[in-house]
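Scroll down for the structure; my scribbles are underneath it.
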Amino acid sequence: MTEVFRLDRVSKKYINDGREFLALKDVSLSISEGEIFGIIGMSGAGKSTLVRTLNRLEDVTSGTISFYGQDLGSLNARDVRKVRRNIAMIFQSFNLLQQRSVLSNVMQPLRIAGVRGNERKEKALEMLRVVGLEDKKDEYPSRLSGGQRQRVAIARALASEPKVLLCDEATSALDPKMTSEILDLLKDINRTRKLTIVIITHEMSVVEKICDRVAIIDSGMLAEAGEVKSIFADPQSEAARKLVFPSNPFDPSEKDSRLIRLVFDGLSAGRPFIAELVEKTGHKVNILSANTRSVGGIGYGQMVLELPKGEEEQIIGFFKDRGLSVQEVKHSEQLHS
Amino acid sequence: MSSYIVEAIKNGIFETLQMTFFASLLSYVIGLPLGILLYSTSKGRILSNRPLNLIFGLIVNICRSLPFLILLVLLIPFTRFVTGSSIGTTASIVPLTVGAVPIVARMVESSLSEVSPGIIEAAVSMGASPIYIIVHFILPEATPSLLFGAAINISTVLGYSAMAGVIGGGGLGAIALQYGYYRYQKDVLWTTVTLLIIMVMTIQEGGNMIAKKARK
Ligand SMILES: Nc1ncnc2c1ncn2[C@@H]1O[C@H](COP(=O)(O)OP(=O)(O)O)[C@@H](O)[C@H]1O
Ligand SMILES: [Mg+2]
């Protein structure tokens with residue numbers, strides 16, 4: 133698979149009034165052609181900084197970033213501008229020209245690329261058709277809804293036929309319905325135009341809905357990266373668990389009881405394991421939290437149980453025999469998460 | 088009022104408009120690029136250049152802190168050098184322009200600063216050059232604000248043009264001074280003052296209306 137971006141031990145230090153702040157620490161990643169790659173993390177984790185290094189809106193302090201094998205750090209200003217035409221970007225606040233019509237906005241990147249007048253207009257109209265806003269071509273952005281504005285921004289981003297689309301919290305200013313529509317549109321564009329998409333978000337639901345792979349950023353560091361499915365099924369890092377698992381479980385009834393987390397995947401989610409446990413063995417467990425979600429059309433679920441004293445091993449054995457993933461959970465983790 | 092005074096006032100209106108028009112035009116020819124320079128070379132902007140910004144900023148600040156009347160006097164030799172005379176309507180255009188340039192420059196700088204950084208970031212991410220960004224992103228976005236600023240600037244120049252009458256400029260200011268002040272013709276004084284007020288207000292309100300129309 134062709135590699136679009138390769139980040140090798142990337143660090144970024146900001147210096148403000150003599151005070152240093154390390155926004156990215158030793159981040160190494162690889163993003164492949166045609167995939168939808170998610171970058172998720174809490175607010176302030178360094179996601180925007182990371183995505184802005186990908187088109188050199190931000191220079192890295194150390195490490196290297198290559199784009200189709202070309203070291204971005206080695207390019208001069210003119211070459212950076214050329215490369216940027218292959219890396220389109222959309223933003224949380226849309227960033228459309230308020231004083232220009234929708235059509236004129238979409239034509240901007242074509243004009244920058246030196247495309248001639250008539251061809252420019254044709255191409256821009258074609259892009260507006262792709263996002264379903266051809267009838268709004270003469271409107272001004274202030275008269276459009278948030279979802280429509282983001283569609284215009286997407287049309288604008290696609291106009292110069294980029295290889296990659298970077299989305300920095302592109303749906304964070306939108307309501308759930310519009311978010312869903314924009315994500316569907318992005319997925320569609322990814323499929324039909326073979327466009328590589330990098331999505332920055334703080335919402336797990338966005339990753340769930342359209343990403344193939346995801347990287348989790350925590351305080352400037354890469355906590356974990358991999359297939360969305362496997363991270364949902366079995367998150368390894370604390371940061372990933374916080375994002376994947378619910379944040380307000382019940383308190384355990386006893387301070388020193390053992391807690392376990394059961395993770396189901398599409399195959400096992402349909403079976404009533406807790407009922408079976410009670411029926412077959414007579415052991416009773418206390419359910420502290422449970423939730424299910426659908427990732428790429430497959431159901432996932434996880435449940436945190438408090439085990440009765442003295443019966444722990446038998447219960448764990450029961451679940452393991454049935455092929456479920458069982459993880460020990462610390463009380464502290466349960467309370468903090 | 089005798090007919091020759093009415094004639095003089097009519098002529099004065101014409102001269103005032105003439106001075107205001109040319110001085111405003113010239114002050115934008117110089118002040119607009121200067122304002123763009125002040126904006127784009129300041130810290131964190133697309134052509135950030137500290138020494139250049141400091142030098143231009145200093146020149147603008149010095150010119151702006153001089154009272155206009157002092158500037159008029161100081162500029163007499165320069166005006167004579169440029170126009171061949173230091174009195175009359177044409178001569179007044181020189182100090183009016185010099186006085187208005189720093190104000191225009193600062194006003195332009197402030198209008199451009201209002202453009203959202205996000206729009207500039209979007210332009211940069213499209214691979215646009217700094218000059219392209221100024222011409223095709225920043226200036227169009229700032230247009231309504233620039234027009235509001237222009238309304239203020241032009242009416243200020245008109246007010247200053249009356250002051251230029253003091254040292255031999257033409258226009259309504261000179262008439263007010265000659266007839267109203269030196270000859271105690273109160274009716275002439277009040278007529279010219281009223282006319283000046285109406286002209287300033289027309290420019291200001293007309294400008295605001297155009298600026299509002301321009302805002303999409
Ligand atoms: N230009 C800057 N100067 C100094 N600190 C910055 C700058 N930009 C971002 N930061 C800091 O870097 C950290 C990461 O910011 P950011 O990448 O925007 O986070 P995220 O997008 O994940 O919310 C934050 O603590 C932020 O305050
Ligand atoms: Mg951010």
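The listed protein sequences derive, respectively, from chains A and R. Residue numbering for the first sequence follows my numbering, beginning at 133 and increasing consecutively. Residue numbering for the second sequence follows my numbering, beginning at 88 and increasing consecutively. Heads up, the beta-carbon is just placed ideally off N, CA and C, and yes, glycines get one too.
Residue i Cβ short of 8 angstroms to ligand 4 heavy atom set
i, result
"residue 165 of chain R", "Absence of ligand 4 is noted for the structure shown, with ligand 1 and ligand 2 being the only ligands found."
Proximity of residue i and residue j at Cβ, strictly below 9 angstroms
i, j, result
"residue 440 of chain A", "residue 447 of chain A", "yes"
"residue 333 of chain A", "residue 176 of chain A", "no"
"residue 159 of chain A", "residue 298 of chain A", "no"
"residue 359 of chain A", "residue 172 of chain A", "no"
"residue 162 of chain R", "residue 114 of chain R", "no"
"residue 189 of chain A", "residue 352 of chain A", "no"
"residue 252 of chain A", "residue 242 of chain A", "yes"
"residue 142 of chain A", "residue 182 of chain A", "yes"
"residue 174 of chain A", "residue 300 of chain A", "no"
"residue 155 of chain R", "residue 186 of chain R", "yes"
"residue 185 of chain A", "residue 207 of chain A", "no"
"residue 318 of chain A", "residue 331 of chain A", "yes"
Short CB-CB distance (under 9 angstroms) between residue i and chain A
i, result
"residue 216 of chain R", "yes"
"residue 203 of chain R", "yes"
"residue 302 of chain R", "yes"
"residue 292 of chain R", "no"
"residue 296 of chain R", "no"
"residue 210 of chain R", "yes"
"residue 126 of chain R", "no"
"residue 206 of chain R", "yes"
"residue 219 of chain R", "yes"
"residue 230 of chain R", "yes"
"residue 227 of chain R", "yes"
"residue 213 of chain R", "yes"
Short CB-CB distance (under 9 angstroms) between residue i and chain R
i, result
"residue 159 of chain A", "no"
"residue 262 of chain A", "no"
"residue 232 of chain A", "yes"
"residue 228 of chain A", "yes"
"residue 287 of chain A", "no"
"residue 305 of chain A", "no"
"residue 189 of chain A", "yes"
"residue 272 of chain A", "yes"
"residue 467 of chain A", "Residue confidence for residue 467 of chain A is low, a pLDDT of 49 falling below 50, so the modelled location carries little weight and cannot support an answer."
"residue 219 of chain A", "yes"
Residue i Cβ short of 8 angstroms to ligand 2 heavy atom set
i, result
"residue 222 of chain A", "no"
"residue 332 of chain A", "yes"
"residue 270 of chain A", "no"
"residue 300 of chain A", "yes"
Cβ-based neighbour list, residue i, same chain, cut-off 8 angstroms, excluding 5 preceding and 5 following
i, result
"residue 391 of chain A", "384, 420, 436, 437, 438, 439, 460, 461, 462, 463, 466"
"residue 244 of chain A", "217, 292"
"residue 372 of chain A", "348, 355, 356, 363"
"residue 230 of chain A", "272, 273, 274"
"residue 294 of chain A", "217, 218, 219, 220, 327"
"residue 314 of chain A", "279, 282, 283, 286, 302, 303, 306"
6 angstroms CB neighbourhood of residue i in its chain, flanking five on each side removed
i, result
"residue 261 of chain R", "252"
"residue 271 of chain A", "234"
"residue 216 of chain A", "187"
"residue 111 of chain R", "241, 244"
"residue 235 of chain R", "298"
"residue 118 of chain R", "188, 191, 192"
Own chain residues within Cβ distance below 7 angstroms of residue i, not counting five before or after
i, result
"residue 221 of chain R", "123, 127"
"residue 116 of chain R", "none"
"residue 203 of chain A", "196"
"residue 326 of chain A", "166"
Residue-level contact to chain D via CB, residue i, 9 angstroms cutoff
i, result
"residue 224 of chain R", "No chain D appears in the structure shown, which is made up of the protein chains A and R."
Check your reading: residues with Cβ closer than 6 angstroms to ligand 1 heavy atoms
A/146, A/148, A/153, A/155, A/173, A/175, A/176, A/177, A/178, A/179, A/180, A/181
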